[in-house]
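Numbering (the working numbering), first residue to last: 9 to 247.
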Amino acid sequence: MSFDLVSPLGWTWTLLPHEECVAGTPWTLWSAGTHEEATRQQLAQLDLARPDQREAFAKSAMFVVLWPVARALAGTVAGMDVRGLRVLEVGCGLALPSLVAARGGARVLATDHHPDVLALVGRNAATNGVRLDVGVLDWTSDRPAGRFDLVLASDVLFAADCAQTLPAFLLDVLEPGGRALVADPCRPWHDAFEARCREVGLTVVTELVDDALISTLTLADPAVVPTIPFDGQHVLARE
Numbered sequence: 009m010s011f012d013l014v015s016p017l018g019w020t021w022t023l024l025p026h027e028e029c030v031a032g033t034p035w036t037l038w039s040a041g042t043h044e045e046a047t048r049q050q051l052a053q054l055d056l057a058r059p060d061q062r063e064a065f066a067k068s069a070m071f072v073v074l075w076p077v078a079r080a081l082a083g084t085v086a087g088m089d090v091r092g093l094r095v096l097e098v099g100c101g102l103a104l105p106s107l108v109a110a111r112g113g114a115r116v117l118a119t120d121h122h123p124d125v126l127a128l129v130g131r132n133a134a135t136n137g138v139r140l141d142v143g144v145l146d147w148t149s150d151r152p153a154g155r156f157d158l159v160l161a162s163d164v165l166f167a168a169d170c171a172q173t174l175p176a177f178l179l180d181v182l183e184p185g186g187r188a189l190v191a192d193p194c195r196p197w198h199d200a201f202e203a204r205c206r207e208v209g210l211t212v213v214t215e216l217v218d219d220a221l222i223s224t225l226t227l228a229d230p231a232v233v234p235t236i237p238f239d240g241q242h243v244l245a246r247e
């Protein structure tokens, strides 16, 4: 049994159901299985005459795969009481941490820069009997509407400049007293990310979980909500 996800970029992902277990709870996720398989599918359909496909090629295949740090983050979320919290996930991909939070009673907005997440996350949510909202968001330049009690991110420090842009994003979207959980596969600029978080007024506590560094970030002074202007767009949630 497979599921064909037709992309507006002109290619089709053939996805299979894969079983995952988070804190003893089974999940079924539609994915390409491995990054190699996702890349193979994309290469087989790549039209070099299309600038939009050439631009998206380098990063598109990453969102249809469950990465190890997302598993670690989902396990951490499973151990939290998130009932009633407003939760945002950025760079969600298959959105396993979002699904876990939604099943735990949170109001979740799962976002990714890739437009195919709307169909993919919707499929994974329906398969697992979970309700959440999905939106397209490039967190490096845009902001969602409103603020959140909990922000989730896994494997989003993919370039050195993210160590600067992610802390600014968190200040913009966290509620006073809110938290962010950032899971990272020990990338070389993780230390710079933590240092920048402290510089802008976030407290940082980091632990190693299943080969992933998971940083819990909170506003050092919950009475102060910093405001950082940006030139991007606000995105609307879509259920």
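Think of the CB as a built atom: it goes at the ideal place given N, C-alpha and C, for glycine as much as any other residue.
Let me make sure I understand the geometry here. Which of the options has the alpha-carbon closest to that of residue i?
i, options, result
"C205", "C194, L216, V73 and R187", "R187"
"L165", "V72, G137 and S223", "S223"
"V213", "T226, D219, L140 and W21", "T226"
"A40", "R79, D141, A31 and V73", "V73"
"L178", "L158, C29 and A69", "L158"
"L182", "V77, D89 and V95", "V95"
"L221", "A31, V30 and V77", "V77"
"A109", "V30, D219 and L23", "V30"
Within 10 angstroms of the Cβ of residue i, are there 16 or more other Cβ atoms? Answer buried if so, exposed if not.
i, result
"E27", "exposed"
"A118", "buried"
"G113", "exposed"
"S149", "exposed"
"E207", "exposed"
"E97", "buried"
"H43", "exposed"
"G87", "exposed"
Return the CA-CA distance between residue i and residue j, expressed in angstroms with no decimal places.
i, j, result
"C170", "D199", "12 Å"
"R62", "D12", "21 Å"
"Q49", "L189", "32 Å"
"P152", "P123", "15 Å"
"L17", "A176", "30 Å"
"W197", "A203", "10 Å"
"A46", "F201", "29 Å"
"V116", "L216", "25 Å"
"P105", "G99", "11 Å"
"L126", "L107", "14 Å"
"W21", "G130", "15 Å"
"A180", "M9", "For the record, residue 180 in the displayed sequence is Asp; it is not Ala. Taking the straight line joining both Cα atoms gives about 42 Å."
"F71", "P25", "15 Å"
"R91", "L56", "47 Å"
"Q53", "L210", "44 Å"
"R192", "G154", "In the sequence as displayed, the identity of residue 192 is Asp instead of Arg. Cα-Cα distance, rounded: 25 Å."
"H121", "T173", "15 Å"
"W19", "G185", "43 Å"
"D60", "R79", "31 Å"
"L93", "R195", "29 Å"
"R111", "L160", "15 Å"
"D163", "L102", "13 Å"
"L51", "V14", "15 Å"
"L140", "R58", "33 Å"
"T235", "D89", "Bear in mind that a pLDDT of 46 at T235, under 50, signals an unreliable position, so the number given afterwards is only what the model happens to contain. Near 28 Å, if we compare the C-alpha coordinates of D89 and T235."
"R167", "F156", "According to the sequence as given, residue 167 is Ala; it is not Arg. Approximately 25 Å, taken between the alpha carbons."
Requested in this report: Would you check if there are 3 or more beta carbon pairs closer than 8 Å linking the stretch 134-149 to the stretch 31-42?
Outcome: The stretch 134-149 vs the stretch 31-42: in contact.
Query raised in the report: Could you give the uninterrupted runs of the beta strand (DSSP E) lying entirely in the stretch 141-194, keeping only those of 3 residues or more?
Result: Within the stretch 141-194, the runs of beta strand (DSSP E) at least 3 residues long that lie entirely inside it are, in chain order, 141-144, 156-162 and 182-192.
Query raised in the report: Are the stretch 78-90 and the stretch 140-156 in contact at 8 Å, needing three or more beta carbon pairs?
Result: Result no; under three Cβ-Cβ pairs closer than 8 Å.
Query raised in the report: Which full runs of the alpha helix (DSSP H) of 4+ residues lie inside the stretch 54-118, going along the chain?
Result: Within the stretch 54-118, the complete alpha helix (DSSP H) runs of at least 4 residues are 59-68, 76-86 and 104-111.
Query raised in the report: At which residue ranges does the stretch 11-62 contain complete alpha helix (DSSP H) runs of 4 or more residues, listed in the order of the chain?
Result: Complete alpha helix (DSSP H) runs here, min 4: 43-53.
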